[in-house]
Every structure is written in C-alpha cells, then in structure tokens.
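Down below is the structure, laid out as structure tokens.
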Amino acid sequence: MIAPLVLAGFTFGVALPATAQMSSMDHGSMGHGSMDHGTAGQGSTEHGLTDHGAAQGVVTPSTEAFEQAAQLMHRGMDIDYSGNADVDFVRGMIAHHQGAIEMAKVQLEYGTDSEMRQLAENVIRDQQREIEQMQRWLEQHDAD
C-alpha cells in the first residue's frame, strides 16, 4: 500500500562528516519521531526561532509559505520504518521530493530571478517524475 503523499523535508541521516555538525540536535536516531515539528504558529516561529534553533529573518508571505511547506515535509518524512531499507528510503523520499516541489512552487509564486525560476521549474518536473517512479516501485515491492 502506498502511503498518501504528504509533504516532507529531512534528508535521511547518513554517516558523513556533516552529521557531526548536527550532534546537538536530538533526532531520536534520525527516526525523527521525537522531533516536535508542530503546526504553523506552534513553537516553530513563535519566539523567532525555527524548530532547529535558527533565528528567523523577515516574515513575508513567501517565508510563511516556505515554513508551511517545510513543516509538512517534516511530518511526511516521519514514517514508520519497516526495517526494509529500500522501502523506507522510497517512502521517505517521496515525501521529501513532494516538499521540494512545494518549495519550488513558492519560488515561482514569489521569486523574480530568472535563473532560480528555471531551476524551480526543473525541480518540479524532475521531482514529479521521480515521485512517479518511486510510487510504481512501491506498488511492486511494498509489503504493506
């Protein structure tokens, strides 16, 4: 069974040097289950900080749209792991890709730079194609 497409947003934790920089973040073994992603206005920006402690900049309609997409993306990435690395990868990446599409749509709505608009259009096209590929794969391989 394919989980409904939900926006997501964390890449899977991989043993790379960059992960050392994230050591102060408690991600519950990167299952993200213990992370408080909240909803819009609940803790994520109330005190000028994101869930990860980064200071917020100017709040504009595009900022709010990006924050909403990111919050939905985080929730979508919070999957119940099956123990099958292939299935878990695809389930998480579908949500991650959908989040990229939603962020690209925000760029197209509010952005003005022609190079970034072209990149956003490419992201939408490419990520949608990959989502479709992953959905087909899940239909053939997902035990749920």
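Position 98 of the sequence shown, counting from 1, maps to 98 under full-length UniProt numbering, and the rest follow consecutively. Using N, Cα and C, we set each Cβ at its ideal position, and we do this for glycine too. These numbers come from a predicted model, not from an experiment.
Here residue 80 carries a coil assignment [DSSP, helix/strand/coil].
Of the residues 81, 140 and 69, the one whose Cα lies closest to the Cα of residue 102 is 69. Using a 10 angstroms sphere on the CB of residue 78, the tally of other CB atoms reaches 16 or more, which defines it as buried. Counting only the Cα atoms, residue 74 lies some 27 Å from residue 113. Per the coordinates, the alpha-carbon of residue 99 lies some 8 Å from the alpha-carbon of residue 72. Our two residues, residue 140 and residue 84, have alpha carbons roughly 14 Å apart in a direct line. If you ignore the 5 residues before and after residue 123, its C-beta comes within less than 6 Å of the C-beta of 100 and 104, all in its own chain and listed in chain order. For residue 113, no alpha helix (DSSP H) segment is defined, and its DSSP state is neither H nor E.
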